[in-house]
Amino acid sequence: AFIAGDSEEIDFEARDESTVAIRLAEPYAHFPEDLATFVWAAVDTMALASVAGSQAPYADAGAGPWRFAVADDDTLVRMMPNPNASEALPEGFGEVQWRVYDGSRAAETAFSAFLNNELVIADVTGDLRDLAQQDQAIADQIQTVPSSGSTMLIGMDFAQAPFDDVRVRQAVAASIDRSVWANEIMSGEFTEATSITPPVLMDSANYAAPDPLGFDPDLARSLIAEAGIDETNQPVITYYLSADASEAERQRTTALLDMISANSGLVIELDDAITTEQIEALRGDNGGLQFDLRWWWPLTNSPSGLVALAAADSESMSGWFNWSADLENADASSAAETFAALTSDVVLTMDATERKQMYAEAEQILVDNAVFVPLGHWVQTFAQSPVLTGTRQGAFTGYAPLVLDSDVVYQPTS
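Have a look at this one:
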């Protein structure tokens, strides 16, 4: 209310040097976890108005041992010690620098910088694993995060034929052998999906997610037949892959589309001749993407991320896949309305066990209606130089250490 200008009461106060009390106008079950996710980036923009460089994203933000400093350019993020933090700093360094690499070759560029001792941590994607294994010294530096925090999903536009028919969406789901996709097509870079939500939520929230629709080629073919699709009237379906994608990514994508076609009879064409900007313009023109892959990373340690993923007005759904209560298809509209009502009620529910049950019901709606089709969960793999020790990495941060505190030691070689 204070931010919106509806009240002069800011509704929080500093009770002492380490305690902030916040009053809510109404119940909001996920407030603590949302606060924990975003408090590190809290910035008083008015207070920083006269600070040089304060227009930079997150300038001077930070709730732990480190604060964001003004970057030299958009390829570098600098962090300096936070004078207001009580935690002890690590040994061996007084500044943290994060290099930013863009484009389809970003992982390759970062790993090359790691090999040249310009970085101490770098992602190791599937394309780079063989290269990393060629040098035993590098192979010994490879680490993985035990529990995955992300899911690769297929999304289909409810507003574009033939995916306005639930049978076609379900056929796509039933046509995918997730074990083959994860272990053969993706060469073990992913594990086969066990749910839409990533496995880490079982550890962090004790959340039992519903199973996805299973692999069943006979069912896939029968659903396509029921939808009135055969070889004589194949709908035009196109998946757009950016022209600057690597050859390995083209091959993996082709293998996935071939699997869907072989097991269901539904043909999806690959167009890899246009740029990312042109794909985005096409999405704007059509109001969505007919068929697309979505890599989903929940931001909090509970299944509440399902709302940001699938709510009708979310940035992940509106203008992309367009599932909403406003659809002409009565079943799809009713399912979206039920999902919206369920996820609205859950934020007012204070009992944690009941909340998890409600989210499981909401996820089941997504599974039954093939709103998203989960493919696999990424096995986060990274290389870390032996000069940096004592870090702790997890599913929500990947290769980035959870915190750089006094347990971390940096001992660079000459």
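For the sequence shown, the numbering used here assigns the number 3 to the initial residue and increments by one for each residue that follows.
Note that beta-carbon positions come from the ideal geometry of N, C-alpha and C, so glycine has one too.
Tell me which residues share the same chain as Ala240 and place their Cβ nearer than 6 angstroms to its Cβ, disregarding the 5 neighbours each side in the sequence. Residue mapping note: residue 240 aligns to position 238 of the sequence shown, counting from 1. Contrary to the premise, residue 240 reads as Thr rather than Ala in this sequence. Result list for Thr240: Glu271, Asp273, in chain order.
Continuous beta strand (DSSP E) stretch holding Arg80: start and end: As a position in the sequence shown, residue 80 is number 78, starting the count at 1. From DSSP, the beta strand (DSSP E) with Arg80 extends over 78-83.
With burial defined as no fewer than 16 other Cβ atoms inside 10 Å of the residue's Cβ, what is the status of Trp380: buried or exposed? One-based indexing of the sequence shown puts residue 380 at position 378. By the neighbour-count rule (16 or more Cβ atoms within 10 Å), Trp380 is buried.
Output the boundary residues of the beta strand (DSSP E) element that contains Phe293. For this step, residue 293 is matched to residue 291 along the sequence shown. For Phe293, the enclosing beta strand (DSSP E) stretches over residues 293-298.
Own chain, CB closer than 6 angstroms to Tyr401, minus 5 neighbours either side, in chain order: The residue labelled residue 401 in the question sits at position 399 within the sequence shown. Answer for Tyr401: Ile123, Asp125, Phe384, listed in chain order.
With distance defined between alpha-carbon atoms, name the residue in Ala364, Glu363, Arg252 nearest to Asp129. As a working note, residue 129 is residue 127 in the sequence shown. Nearest option by C-alpha distance: Arg252.
Under 8 angstroms by Cβ, that's how I've got Leu295 and Ile156 pegged, so tell me the actual separation to the nearest angstrom. Position 293 of the sequence shown, counting from 1, holds the residue named residue 295. Position 154 of the sequence shown, counting from 1, holds the residue named residue 156. That pair is a contact at about 6 angstroms.
Where does the unbroken beta strand (DSSP E) through Tyr361 begin, and where does it stop? The residue given as residue 361 occupies position 359 in the sequence shown. First-last for Tyr361: 354-370, but that is the alpha helix (DSSP H), not the beta strand (DSSP E).
Beta-carbon gap between Pro214 and Pro376 smaller than 7 angstroms: Here residue 214 is taken as the residue at index 212 of the sequence shown, counted from 1. Here residue 376 is taken as the residue at index 374 of the sequence shown, counted from 1. Closer than 7 angstroms, so yes.
Minimum C-alpha distance to Phe323 - residue among Phe70, Ala332, Ala312: The residue you call residue 323 lines up with position 321 of the sequence shown. Among Phe70, Ala332, Ala312, the Cα nearest to that of Phe323 belongs to Ala312.
Can we count Asp260 as close to the ligand FMN, meaning its CB is less than 6 angstroms from some heavy atom? Judged by which ligands are present, the structure shown has none, so any question about the ligand FMN falls away.
What number of angstroms, rounded off, separates the C-alpha of Glu191 from the C-alpha of Gly216? The residue you call residue 191 lines up with position 189 of the sequence shown. The residue you call residue 216 lines up with position 214 of the sequence shown. Cα to Cα, the separation comes out at about 21 angstroms.
Alpha carbon of Ser150 to alpha carbon of Tyr361, nearest angstrom: Residue numbering aside, residue 150 sits at position 148 when the sequence shown is read from its first letter. Residue numbering aside, residue 361 sits at position 359 when the sequence shown is read from its first letter. So the alpha carbons of these two residues sit roughly 19 angstroms apart.
Hey, out of Asn265, Gln292, Gln280, whose CA is closest to Val238's CA? Along the sequence shown, read from residue 1 onward, the residue named residue 238 stands at position 236. Checked all of Asn265, Gln292, Gln280; the closest Cα to Val238 is Gln292.
How big is the Cα-Cα spacing for Phe160 and Ala87? As a first step, residue 160 must be located in the sequence shown, where it is residue number 158. As a first step, residue 87 must be located in the sequence shown, where it is residue number 85. So the two alpha carbons sit approximately 49 angstroms from each other.
Just the Cα atoms here: how many angstroms apart are Pro300 and Pro219? What you label residue 300 is simply residue 298 of the sequence shown in a count that begins at 1. What you label residue 219 is simply residue 217 of the sequence shown in a count that begins at 1. When rounded, the distance between both Cα atoms is 31 angstroms.
Short Cβ contact (7 angstroms threshold) for Ser266 with Ala173: By 1-based counting over the sequence shown, the position of residue 266 is 264. By 1-based counting over the sequence shown, the position of residue 173 is 171. Their beta carbons are under 7 angstroms apart, which means Ser266 touches Ala173 by this criterion.
Let me make sure I understand the geometry here. Which of Thr351, Met158, Val170, Ala332 has the alpha-carbon closest to that of Asp232? What you label residue 232 is simply residue 230 of the sequence shown in a count that begins at 1. The option with the nearest alpha carbon to Asp232 is Val170.
Coarse secondary structure for Pro219, derived from DSSP in three states: Stepping through the sequence shown from its first residue, residue 219 is reached at position 217. Of the three classes helix, strand and coil, the one that applies to Pro219 here is helix, per DSSP.
Report the three-state DSSP secondary structure of Ala338 (helix, strand or coil). Residue 338 sits at position 336 when you count from the first residue of the sequence shown. DSSP, read as helix, strand or coil, puts Ala338 in helix.
Just to confirm the assignment, what range does the alpha helix (DSSP H) spanning Gly290 have? As a first step, residue 290 is located in the sequence shown; it is residue number 288 there, counting from the start. That residue, Gly290, is in no alpha helix (DSSP H); it is neither H nor E in DSSP.
In whole angstroms, what separates the C-alpha of Ala163 from that of Asn288? On the sequence shown, residue 163 is found 161 positions in, with the first residue counted as 1. On the sequence shown, residue 288 is found 286 positions in, with the first residue counted as 1. Taking the straight line joining both Cα atoms gives about 12 angstroms.
Mark Asn371 as exposed unless 16 or more other C-beta atoms lie within 10 angstroms of its C-beta, in which case mark it buried. Your numbering for residue 371 matches position 369 in the sequence shown. By the neighbour-count rule (16 or more Cβ atoms within 10 Å), Asn371 is buried.
DSSP state of Ala23, grouped into three classes? As a position in the sequence shown, residue 23 is number 21, starting the count at 1. Note: Ala23 maps to strand in three-state DSSP.
Alpha carbons only, please: which of Ser316, Ser106, Arg357, Pro67 is nearest the one belonging to Ala31? Sequence index remark: in the sequence shown, residue 31 carries index 29 (1-based). Ala31 has its Cα closest to that of Arg357, out of Ser316, Ser106, Arg357, Pro67.
Closest Cα partner of Asp205 within the set Glu19, Leu308, Thr302: Position 203 of the sequence shown, counting from 1, holds the residue named residue 205. Nearest neighbour of Asp205 by Cα position, chosen from Glu19, Leu308, Thr302, turns out to be Thr302.
In three-state DSSP terms, what is Ile187? What you label residue 187 is simply residue 185 of the sequence shown in a count that begins at 1. Looking at Ile187 - three-state DSSP - the assignment turns out to be helix.
Looking only at DSSP bridge pairs, what is Asp125 linked to? Indexing the sequence shown from 1 puts residue 125 at position 123. Asp125 is bridged to Phe384.
Can you pull the DSSP bridge partners for Asp273? Here residue 273 corresponds to residue number 271 of the sequence shown, with the count starting at 1. Asp273 pairs with Tyr242.
DSSP three-state label for Asp46, please. Residue numbering aside, residue 46 sits at position 44 when the sequence shown is read from its first letter. For Asp46, the predicted model reports a pLDDT of 49, less than 50, meaning its position is unreliable and no value from the coordinates is stated.
Determine the burial state of Trp297: buried for a count of at least 16 other Cβ atoms within 10 Å of its Cβ, exposed for fewer. For the purposes of this step, residue 297 is taken as residue 295 along the sequence shown, with counting starting at 1. It is exposed - the Cβ of Trp297 has fewer than 16 other Cβ atoms within 10 Å.
Please state whether DSSP places Thr196 in a helix, a strand or coil. Taking the first residue of the sequence shown as position 1, residue 196 is located at position 194. Looking at Thr196 - three-state DSSP - the assignment turns out to be coil, as it is neither helix nor strand.
Under a three-way DSSP split, which group does Gly378 fall into? For this step, residue 378 is matched to residue 376 along the sequence shown. Strand at Gly378.
According to DSSP, residues forming a beta bridge with Leu390: The residue given as residue 390 occupies position 388 in the sequence shown. Leu390 is bridged to Tyr412.
Own chain partners of Ala49 with C-beta closer than 8 angstroms, once the 5 adjacent residues on each side are dropped: Against the sequence shown, residue 49 aligns to sequence position 47. At Ala49 the pLDDT is 49, less than 50, meaning the model places this residue with poor confidence; the figure from the coordinates comes in the next sentence. Annotation for Ala49: no residue places its beta carbon closer than 8 angstroms to its own, counting only its chain and skipping 5 residues before and after.
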